[in-house]
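Residue numbers (this note's numbering), protein chains in the order written: chain X, 13 to 275; chain F, -6 to 486. Everything below concerns the one structure shown next.
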Amino acid sequence: MNKIVAKEHFSEKVVKLVVEAPLIARARKAGHFVIVRVGEKGERIPLTIAEADTQAGTITLVVQAVGKSSAKLCALNPGDYITDVVGPLGKATHIEHFGTVVCCGGGVGCAPLLPIVEAMKAAGNRVITVLAARTKELIILEEQMRKYSDEVIVMTDDGSYGHKGLVTQGVEEVIKREKVDLCVTIGPAVMMKFVALLTEKYHIPTVASLNTIMVDGTGMCGACRITVGGKTRFVCIDGPEFDAHQVDFDEMLMRLSSYKDVE
Amino acid sequence: MNKEELAAQRAEQWREELRKSKKAKERTDIPRVKMKELDPAYRVTNREEVNCGLTPEQAVLEATRCLDCVEPLCMTGCPVGINIPKFIKNIERGDFREAARTLKETSALPAVCGRVCPQERQCESKCFYLQKLKKEPIAIGYLERFAADYEQASGEVALPDMKPDNGIKIAVVGSGPCGLSFAGDMAKLGYRVTVFEALHEIGGVLKYGIPEFRLPNRIVDVEIDSLRRMGVEFMTDCIVGKTLSYDDLHEMGFKGIMVASGAGLPRFMNIPGENLNGVMSSNEYLTRVNLMDAANPESDTPVYKGHRVAVIGGGNTAMDSVRTARRLGADRAMIVYRRSEAEMPARQEEVHHAKQEGVEFLTLHNPIEYIGDERGRVRQMKLQKMELGEPDASGRRSPVPIPGAIETIDVDEVIVSVGVSPNPLVPNAIEGLEVTPKGTIVVNADTLQSALPDIYAGGDIVRGGATVILAMGDGRRAAAAMHEALQKQQRSA
């Protein structure tokens, strides 16, 4: 049982939860995720860790209410308990001094991007962050991103904030302007697919952090399998980050809709 | 237990009298007991336990068959060394509690073993009846289950004799059969045992893998509760190697670590269409249904309820999956296996029960491709027909494709049950562990000690994929070896 100590609404459906989890807070690194379960009949769902405070013994999760389980989690309030939080899982992000790194996040994907932006900056990189969302109120964590980024570009589909356009337009603008050594992308699968197509064109190494369906999250069930470079890989153990140019995003999109009819 | 002890127990007055109370002929004339089973048509509509257990009268009569041999061959077939004649003769004289206590001397989970052990290949295969009289062996497994169930139902589950607390902390990684049996033995010896479990439930494969109709969760929970009462502590949602490191365990004062983290990544066959929706591993399918209770409308976890379900493989897990599919409403539930039925690794009882429940057996068939619809859901499978050729490395005749013999079958769900690789979490996380190319931890064959002196390992993380009872046997051996090593350390300190 893990207590929720703070909650903030980023938008109607996007919530930030600060959760007591001292062991996970201490062990986690950028890129790691946790498995969360709400209630005794609850489903196990993976969520990437956005921030951690080792002193307070807390981790921060940003959750978008999309299905039954995420809605249940979003409905919890400070003082409530999450039935199970287990982690940190997955491989940590490979951080080193690459040079110039473009970090692009879409929607709630910006939350797990934050620790990577922070770590990339700390490793001495020039970090350009591209934040994208449908509309202004869905742009999250902009202030924190500015703290660790040399530059932040905001893109909205409807032009209500920042530049009007898709994330790929923001990224391409940077690529055309200066030499980019690495791109990191986290967001909806379809967005990552198009970022990957774009950076492949410019031969820029790109890492995508994938969020697939999981049951146990510890390398047992195989529900999270995807095809990378023609080989089956498991997101929970081999990932969650992969070479975006090798990921079969179409298959991943298809697999994400696996339980649409059943749920 | 050594021969002298066994002989001394056999020479006890009550055993002598019991042996003399009936002539051998009277005993051997009794036919082997038949256990009541639920009617197949009824049981596929629910998940009630299929085997109903023995009545006390049945158990006593079956126990009477046992000749209480001078050299009990049955014991040589038991991986945990249960004193089989002693517990059976206690049943014969009507002391069912003492029978249960006898089981507990060596087995932390008798009610589990009585249900899931392949007795026909272990104790019962060595029985004098089978070996010398060419008759059906004593139903040792049924009797074991009877004694354990009797004690559980009485509500007064006895604890084994415990040595006084020695203050030494021991960590166990994983709460499956290996970890639990190790924890039980170490607690008996006076150690302070903490079991770390990655999932939210205790029991490992006994909970997520083996279905309710074969091993009810409440049976497992009573055994776990006994361990709690023996002082074993359990910590769920904690992954050693992730949440806590090897160094953390040292800082917390653990003097010995038993890695029993079990099986991990499911194997797939790497054939076209295997990542289609509706194709999944048996681990995923069974975990959804057993651990997450996904067939229950109140559960948040979804599961497919296919109408034409193919399960690929011929092991116990394949049988568990296909029988689960029948219970979830499959009209056509099929086992697809590339060899013939004679080579199937599953227990005979499971195959028999599956057939009774209307499962089709497509033996000598091997899937070569899955075909999906426009939405990526599996709709058909292509099967290559096989014939048996020369024996392979496993000694079984190997399946050879018949050229051109390919058929296509409609399916809407496929469960791949062709084995698992060891769980990679611990081997990846602890430096200095010696690991095979297959990912199993290398241990000393006798002591189960790894390359790191304070780490022992057993069960599927060492064997790659075995049975509950072999995992439990590993737990017992590792406990004995670790105890000896720790005592030696203390003496030299």
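All C-beta atoms in this analysis are idealised placements derived from N, C-alpha and C, irrespective of residue type, glycine included.
Please report the residue range of the beta strand (DSSP E) in which residue i lies.
i                        : result
asparagine 359 (chain F) : 358 to 365
histidine 21 (chain X)   : 14 to 21
glycine 457 (chain F)    : Where glycine 457 (chain F) is concerned, there is no enclosing beta strand (DSSP E), given that its DSSP letter is neither H nor E.
tyrosine 449 (chain F)   : 448 to 450
aspartate 9 (chain X)    : Since the first residue shown for chain X is 13 and the last is 275, residue 9 (chain X) is missing from the structure and cannot be characterised.
cysteine 195 (chain X)   : 194 to 198
glutamate 9 (chain F)    : It is not in any beta strand (DSSP E) - glutamate 9 (chain F) instead sits in the alpha helix (DSSP H) that spans 6 to 13.
cysteine 71 (chain F)    : No beta strand (DSSP E) holds cysteine 71 (chain F); DSSP gives it neither H nor E.
aspartate 96 (chain X)   : 96 to 101
methionine 337 (chain F) : Methionine 337 (chain F) -> no beta strand (DSSP E), and no H or E assigned at all.
proline 396 (chain F)    : 390 to 403
Roughly how many angstroms lie between the CA atoms of residue i and residue j, to the nearest whole one?
i                        : j                           : result
glutamate 275 (chain X)  : aspartate 228 (chain X)     : With a pLDDT of only 49 at glutamate 275 (chain X), under the threshold of 50, the placement of this residue in the model should not be trusted; the figure read from the coordinates follows. Near 18 Å, if we compare the C-alpha coordinates of aspartate 228 (chain X) and glutamate 275 (chain X).
threonine 112 (chain X)  : isoleucine 140 (chain X)    : 8 Å
aspartate 88 (chain F)   : serine 100 (chain F)        : 19 Å
valine 207 (chain X)     : isoleucine 238 (chain X)    : 18 Å
arginine 368 (chain F)   : valine 98 (chain X)         : 33 Å
valine 302 (chain F)     : glycine 246 (chain F)       : 50 Å
valine 252 (chain F)     : aspartate 162 (chain X)     : 46 Å
glycine 271 (chain F)    : glycine 308 (chain F)       : 21 Å
valine 279 (chain X)     : valine 26 (chain X)         : Past the edges of chain X, shown from 13 to 275, lies residue 279 (chain X), and the structure says nothing about it.
histidine 243 (chain F)  : aspartate 230 (chain F)     : 20 Å
glycine 202 (chain F)    : isoleucine 151 (chain X)    : 43 Å
glycine 197 (chain F)    : asparagine 359 (chain F)    : 30 Å
lysine 378 (chain F)     : threonine 310 (chain F)     : 23 Å
arginine 189 (chain X)   : glutamate 155 (chain X)     : 24 Å
glycine 397 (chain F)    : leucine 376 (chain F)       : 11 Å
proline 204 (chain F)    : asparagine 283 (chain F)    : 6 Å
valine 196 (chain X)     : lysine 28 (chain X)         : 22 Å
alanine 68 (chain X)     : leucine 182 (chain F)       : 39 Å
threonine 105 (chain X)  : lysine 41 (chain X)         : 8 Å
proline 58 (chain X)     : asparagine 223 (chain X)    : 7 Å
methionine 203 (chain X) : phenylalanine 254 (chain X) : 15 Å
glutamate 9 (chain F)    : methionine 226 (chain X)    : 59 Å
Measuring CA to CA, which of the options is closest to residue i?
i                       : options                                : result
lysine 127 (chain F)    : F:Arg340, F:Ile133, F:Ser118           : F:Ser118
serine 410 (chain F)    : F:Ser275, F:Arg94, F:Arg340, F:Glu427  : F:Ser275
glutamine 482 (chain F) : F:Pro78, F:Lys248, F:Glu98             : F:Lys248
serine 526 (chain F)    : F:Gly397, F:Glu383, F:Lys79            : Residue numbering for chain F in the displayed model covers -6 to 486; residue 526 (chain F) lies beyond these limits and cannot be assessed.
histidine 476 (chain F) : F:Leu441, F:Leu463, F:Ile462, F:Gly457 : F:Leu441
alanine 164 (chain F)   : F:Met179, F:Val371, F:Ala459           : F:Met179
proline 259 (chain F)   : F:Gly322, F:Asn416, F:Leu321           : F:Asn416
leucine 286 (chain F)   : F:Val419, F:Gln349, F:Ile212, F:Glu194 : Checking the displayed sequence, the identity of residue 286 (chain F) turns out to be aspartate instead of leucine. Closest by alpha carbon: F:Glu194.
proline 103 (chain F)   : F:Pro430, F:Asp403, F:Leu208           : F:Leu208
aspartate 154 (chain F) : F:Pro394, F:Thr317, F:Thr95            : F:Thr95
glutamine 145 (chain F) : F:Arg58, F:Val215, F:Pro420, F:Gly425  : F:Val215
glycine 257 (chain F)   : X:Gly231, X:Val164, X:Glu263           : X:Gly231
glutamate 185 (chain X) : X:Asp193, X:Gly171, X:Ile165, X:Leu194 : X:Ile165
arginine 38 (chain X)   : X:Pro252, X:Thr70, X:Arg56, X:Ile47    : X:Thr70
proline 420 (chain F)   : F:Gly388, F:Ala132, F:Asp453, F:Asp403 : F:Asp453
Within the continuous alpha helix (DSSP H) that includes residue i, where are the two ends?
i                           : result
lysine 18 (chain F)         : 17 to 21
phenylalanine 80 (chain F)  : 77 to 85
asparagine 276 (chain F)    : 275 to 279
glycine 134 (chain F)       : 133 to 147
threonine 211 (chain X)     : 201 to 213
isoleucine 152 (chain X)    : First-last for isoleucine 152 (chain X): undefined, no H or E at that position.
phenylalanine 121 (chain F) : 121 to 124
lysine 133 (chain X)        : 122 to 134
glutamate 184 (chain X)     : 179 to 189
lysine -4 (chain F)         : -4 to 3
glutamate 50 (chain F)      : 49 to 58
Taking only runs of the alpha helix (DSSP H) that begin and end inside the region 174 to 210 of chain F, which ones reach a length of at least 4 residues, in chain order? Runs of alpha helix (DSSP H) with 4 or more residues, each lying fully within the region 174 to 210 of chain F, are found at 198 to 201, listed in chain order.
Stretch pair the region 163 to 174 of chain F + the region 187 to 195 of chain F: three plus CB contacts closer than 8 Å: At 8 Å Cβ cutoff, the stretches touch.
What are the start and end residues of each continuous alpha helix (DSSP H) run of 4 or more residues lying completely inside the region 237 to 268 of chain F, in chain order? Counting whole runs of 4 or more residues, the region 237 to 268 of chain F contains the alpha helix (DSSP H) stretches 239 to 244.
Is the region 15 to 22 of chain F in contact with the region 93 to 108 of chain F, if contact means three or more CB pairs nearer than 8 Å? Fewer than three beta-carbon pairs drawn from the region 15 to 22 of chain F and the region 93 to 108 of chain F are found closer than 8 Å, and the two stretches are therefore not classed as touching.
Under 8 Å, with one C-beta from each stretch per pair, do the region 210 to 226 of chain F and the region 140 to 158 of chain F reach the 3-pair mark? Under the Cβ criterion (8 Å, minimum of three pairs), the region 210 to 226 of chain F counts as touching the region 140 to 158 of chain F.
Is there contact between the region 61 to 73 of chain X and the region 112 to 128 of chain X, where contact requires at least three CB pairs shorter than 8 Å? The region 61 to 73 of chain X vs the region 112 to 128 of chain X: in contact.
Given 8 Å as the limit, is there contact between the region 174 to 182 of chain X and the region 87 to 96 of chain X, that is, 3 or more CB pairs closer than that? Counting Cβ pairs under 8 Å, fewer than three are found: no touch.
Touch test, the region 440 to 459 of chain F against the region 289 to 301 of chain F, Cβ-Cβ under 8 Å, three pairs minimum: The region 440 to 459 of chain F and the region 289 to 301 of chain F do not touch, with fewer than 3 CB-CB distances between them shorter than 8 Å.
May I ask you to verify whether the region 128 to 148 of chain F touches the region 38 to 54 of chain F, counting CB pairs closer than 8 Å and requiring at least 3? Cβ pair count under 8 Å is three or more, so yes.
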